[in-house]
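This note's numbering runs 535 ahead of the 1-based position in the sequence shown.
Cβ atoms here follow ideal geometry from the backbone N, Cα and C, with glycine treated the same way.
Since the structure comes first, as structure tokens, the remarks are kept for the end.
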Amino acid sequence: METLAIIFSLLLFLCLILALVSIFTPKVAPFKEKARGKGFLFWLGAGIVCSFVVAATAPELPQEQEGESATATEATSQNLVTDDGMEARIAAAGRAIAIDPDEKEDEADTAKQRAEYEQNTEWLRGEVSSLLAELDGFRNTQIFRECIYGCGADNPANEWNLRRKALQEQMTPQFNAAIELKAAPGELWQLGMAYGRGNDADIKWFRNSIEEALTQ
């Protein structure tokens, strides 16, 4: 059928050429009486017949092949979807692997420093509260008002000041705690001096500063 369609297609092409040529050359008409009109109509009619034959003998796509083509297209689409999902999983795995180990170390160091800060601040808050309470216990005594931090062991402020000074010496820049509380041991000394001298303005200022630091 395909060969026959090809042959009639060629004949159709030839008839159309002869029909055009017969207009100018009557000799190509298959009649005894050579006339342009008759030759053109003859070859035109032959071309029409050939066109019908070509249309009737043209090969058609079998239904089975169409079904197979559709199935292949669907399978290809499914493969593309599957491949996209696989690429997404591979990309996610790559991101997980690509995490910089230094970032994990930085996060661990930050968590460690935060825990150390909270622990040191809580400990320092307890020490400052204890020293403030002890100061309140002897600040109105006669020996304290006369000697403040002097007069040896007879003055309770003497031993208190030694412990306060030891705590203050620990408040280095490297000590990880609330800054306001780190300043409190020094302010306790100033507060004791203000009580010993009866300076109400200094007493109010330093006491407020220390009490605010204790809330940190």
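{"Item": "Going by C-alpha to C-alpha distance, which of Ala-668, Gln-648 and Ser-744 sits closest to Ala-692?", "Value": "Ala-668"}
{"Item": "Considering only residues of the same chain and omitting the five flanking positions on each side of Leu-723, which have a CB-CB separation below 6 Å?", "Value": "Leu-666 and Arg-699"}
{"Item": "Can you tell me whether Leu-659 is buried or exposed, with buried defined as 16 or more other CB within 10 angstroms of its CB?", "Value": "buried"}
{"Item": "Just curious, the alpha helix (DSSP H) that Gly-731 is in, first and last residue?", "Value": "719-732"}
{"Item": "Distance check for Asn-734 and Thr-645, CA to CA, integer angstroms please.", "Value": "44 Å"}
{"Item": "When you compare only the Cα positions, how much space is there between Ala-729 and Thr-750?", "Value": "22 Å"}
{"Item": "Just to confirm, are Phe-710 and Asn-675 a CB contact at a threshold of 8 Å?", "Value": "no"}
{"Item": "For Leu-702, I'd like the list of residues in its chain whose CB is within less than 7 Å of its CB, leaving aside the five on either flank, ordered along the chain.", "Value": "Glu-662 and Pro-720"}
{"Item": "Taking the beta carbon of Asn-696 as the centre, do at least 16 other beta carbons fall within 10 Å, making it buried, or is it exposed?", "Value": "buried"}
{"Item": "Does DSSP put Tyr-652 in a helix, in a strand, or in coil?", "Value": "helix"}
{"Item": "In terms of alpha-carbon separation, which member of Leu-716, Ile-552 and Arg-732 lies closest to Ser-664?", "Value": "Leu-716"}
{"Item": "Under a three-way DSSP split, which group does Gln-709 fall into?", "Value": "coil"}
{"Item": "So what does DSSP say about Ile-683, is it helix, strand or coil?", "Value": "coil"}
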